Amino acid sequence: MATPTLTRPAPNATTGNSLKVRQPRKKMTAGRIAAIVVAAFIAVLWLIPFAWATATAFKTETDAAAPDVTWLPPSGFTPEAFVKVFQDGNIPLWTWNSLYTSAAITAITLVISALVAYALSRIDFKGKKVLMTVIIASIIIPPPVLIIPLFYQMLALQLIDTSWAIILPQVIHPAMVFVLKKFFDQIPRELEEAAVMDGASRLRIFTQIILPLSRPILAAVAIFVFIGAWNNFLWPFIATNDGNLLTLPVGLQTIKSAYGIQYAQNMASALLAALPLIVVFLFFQRQIIKGVATTGLAGT
Amino acid sequence: MSTSTLSRPRPENLRKPGSRTRSNLSGWGFAAPFLVFFLVFLVWPILYGFYMSLTGKSLTGANDSLIGFANYAEALADADMWRSLGNTLYFTVISTVPLVLVALVMAALLNIGLPAQWLWRLSYFAPYLLASTVVSLFFTWMYNPQLGLINEFLTGIGLPRVAWLNDPNVAMWAVVIATLWWTVGFNFLLYLAAMQNIPAQHYEAASLDGAGAWRQFFSITLPQLTPTTVMIVLLQILASLKIFDQVYQMTAGGPGGSTRPVVQYIFETGFTGYRLGYSAAISYIFFGLIVVISIMQFVITRRRSA
């Protein structure tokens, strides 16, 4: 990996030069301007689907379906489609269903994963190696492979058409166990020793020393799991037929057939469904980006 | 790491005899809640799924008996199964390349140190926060042959209209474009994080040597990113192999089965055809494929790092 430029000791690179080198990088060179232009071009491309959906959602149905494709509709913009979707739609119900199932999945995942990760990181127990190997190996199992037996199992447990059917199979995240274990491994053991001398139990050490120190990684894992659960489609789609239990992504799928060619209402629904996470992202951008970047490589 | 604690004997040595059993107990105690879920909702279904694949089980309740590997034999002779597997592999190949390359370009552009970082990040990453159904609604509307924005643009610059989701030769590419828009932000973030971890001294040394931005990218950034690139490619391949949502929602596998991925075939044989046993067998063939690909990846990365 070592290219000649990396290994060769640069002359005069010892002191004071870092400033000199950095400054030209901030200047508006032709290269930087070109980079901004390209970045802006991509950004515009990436925002167009949002913009077009928004423009459509604020049109009257007649304008939205008019053969003249235009950003500015002849009858002007109107919130009609949103009102209609709110009045006869189930979007608030679906949002609530998504919220509590995703919150439950995230909470259960965090608790059980942190506990087992602590055991793998700190406790010497018989069978630990086997347990670790089995959990690592399970990362390879793709969720779609499980849908048939899981469905059958949920039928047998009589959980189909309950929220539990949506929640329970989604709380196992072997990759996240290892993200947490790796973090726990880095916490200096000295911090726990005093507590051990005082006779504190494992559970107390875990809840009062380890967990408070692990807030950033717990937040990262929570974000990752929550986004995944919030947007999951395949399993909730299979697990419920009950219209009162549908999550937002699944409910939205039924809209297409219900509204058919009512494009403005289609787009209004899609935007309302997109809104919660986008708003959360605007507020917690830094944490979410850090969270995704730290957990992301561990596997999805 | 304060030095005062180093001289103190480690707590392990202070434990009384019998602490071994206590460690075993507390170890499994901490693991227990996870293990319960793990065994019930992962290990059991994966084993039971295999058992199902050896039976004629169906949702109608007929024929629960063991029939050996008959389902597998049938699947291996099933042209629709092979076609759907082929579609999945085709999608994986043609989606992974742009999903990695575009992410790299996005991250490289931002890494130059553009102003208003949050704005770029927001626009590139925001689609990743959407549910597949939202993405599918957006793109189905944009791909609309008569009323869609994309065809409007094409005719505006004098090109012919494209029947995006209705043309068997184009539909898979339409799915790839929607997927690129949706998930490239994730790979972009991973690249950006990795780039920001490259020590600044590398660049300083290189620029003193007179290497321009372009050369620095190819001689420093790219080589330093090799492990990240390998990981992103591996994760992307595994993610792409699971393709289902967008296809099911936008084309329902059509036109004429030209986009139907293997996960949709599993879904349909199980829940539309009611043949759970047969569907489980196809699941296992798909699982086998993923295991083989994962092992190949493992061997390749091992060799690389050795």
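In the order they appear, the protein sequences are chains X and Y.
So the first sequence is residues 423 to 722, counted in our numbering.
So the second sequence is residues 31 to 336, counted in our numbering.
Positions of the beta carbon are idealized from the N, C-alpha and C atoms, including for glycine.
Just so we're clear, the structure is a prediction, and the values are computed from it rather than from any experiment.
One alpha carbon belongs to Ala-193(Y), the other to Asn-174(Y), and they sit about 8 angstroms apart.
Within the same chain, and ignoring the five residues on either side of Ile-710(X) in sequence, the residues whose Cβ sits closer than 7 angstroms to its Cβ are Ile-645, Phe-703. In the structure shown, Thr-584(X) adopts coil according to DSSP, grouped into three states. Looking only at Glu-612(X), Met-598(X), Ile-588(X), the smallest Cα-Cα distance to Thr-523(X) is reached by Ile-588(X). Annotation: Ser-95(Y) to Leu-189(Y) spans about 59 angstroms, alpha carbon to alpha carbon. Linking Phe-480(X) to Phe-472(X) through their CA atoms gives a straight-line distance of about 12 angstroms. For the options Gly-143(Y), Tyr-278(Y), Leu-220(Y), the alpha carbon positioned closest to that of Val-292(Y) is the one of Tyr-278(Y). The three-state reading of DSSP puts Thr-500(X) in coil, since its state is none of H, G, I, E or B.
The beta-carbon distance between Thr-163(Y) and Gln-675(X), rounded to whole angstroms, is 5 angstroms. This is short enough to meet the 8 angstroms contact definition.
Per DSSP, the continuous alpha helix (DSSP H) segment holding Lys-604(X) begins and ends at 596-608.
The three-state reading of DSSP puts Leu-167(Y) in helix, counting H, G and I together. As summarised for the region 646-715 of chain X, the continuous alpha helix (DSSP H) elements at least 4 residues long and confined to that stretch are 656-661, 670-681, 685-705, given in chain order.
Annotation: Cβ neighbours of Ile-570(X) in chain Y (cutoff 8 angstroms, chain order): Gly-79, Met-82, Ile-296, Gly-300, Leu-306, Ser-309, Ala-310, Ser-313. Where Phe-247(Y) is concerned, there is no enclosing alpha helix (DSSP H), because DSSP gives it neither an H nor an E. When DSSP states are grouped into helix, strand and coil, Thr-85(Y) belongs to the strand group.
Rounded to whole angstroms, the separation of the alpha carbons of Ile-570(X) and Thr-662(X) is 14 angstroms. The beta carbon of Ser-56(Y) falls within 9 angstroms of a beta carbon belonging to chain X, placing the residue at that interface. Note on geometry: alpha-carbon atoms of Asn-196(Y) and Met-172(Y) lie some 13 angstroms from one another.
With fewer than 16 neighbouring CB atoms inside 10 Å of its own CB, Gln-509(X) falls in the exposed class. Rounded to whole angstroms, Thr-500(X) and Ile-677(X) show a C-alpha spacing of 21 angstroms. For the region 173-251 of chain Y, the full-length alpha helix (DSSP H) segments reaching 4 residues or more read 179-186, 201-226, 230-238, 243-246 along the chain. Check the Cα spacing between Gly-498(X) and each of Glu-483(X), Gly-511(X), Val-507(X): the tightest is with Glu-483(X). Taking 9 angstroms as the cut-off, the beta carbon of Ala-536(X) is found no closer than this to the beta carbon of Leu-613(X). Within chain Y, no C-beta atom comes nearer than 9 angstroms to that of Ser-636(X); the closest sits roughly 15 angstroms away.
Proximity of chain X to Ser-162(Y) at the Cβ level (cut-off 8 angstroms) is accounted for by Asn-653, Phe-655, Pro-671, in chain order.
In the structure shown, the three-state DSSP call for Leu-265(Y) is helix. With its beta carbon less than 9 angstroms from one in chain X, Glu-182(Y) belongs to the interface.
Ser-270(Y) is a Cβ neighbour of Leu-129(Y), given a cutoff of 9 angstroms. In the three-state DSSP reduction, Leu-152(Y) falls in the helix class (H, G or I). DSSP places Ser-53(Y) in the uninterrupted alpha helix (DSSP H) bounded by 49-68. Contact with chain X is absent for Pro-175(Y), since none of that chain's Cβ atoms lies less than 9 angstroms from the residue's Cβ.
Contact of Arg-332(Y) with chain X by beta-carbon distance below 8 angstroms is absent, the smallest such distance being about 15 angstroms.
Nearest CB-CB separation between Thr-281(Y) and chain X: not below the 9 angstroms threshold. Residue pairing by DSSP puts Leu-96(Y) in a beta bridge opposite Thr-85(Y). Against Leu-219(Y), the close residues of chain X are Ile-711, Val-714, Ala-715, Gly-718, in the order they occur along the chain (beta-carbon pairs closer than 8 angstroms).
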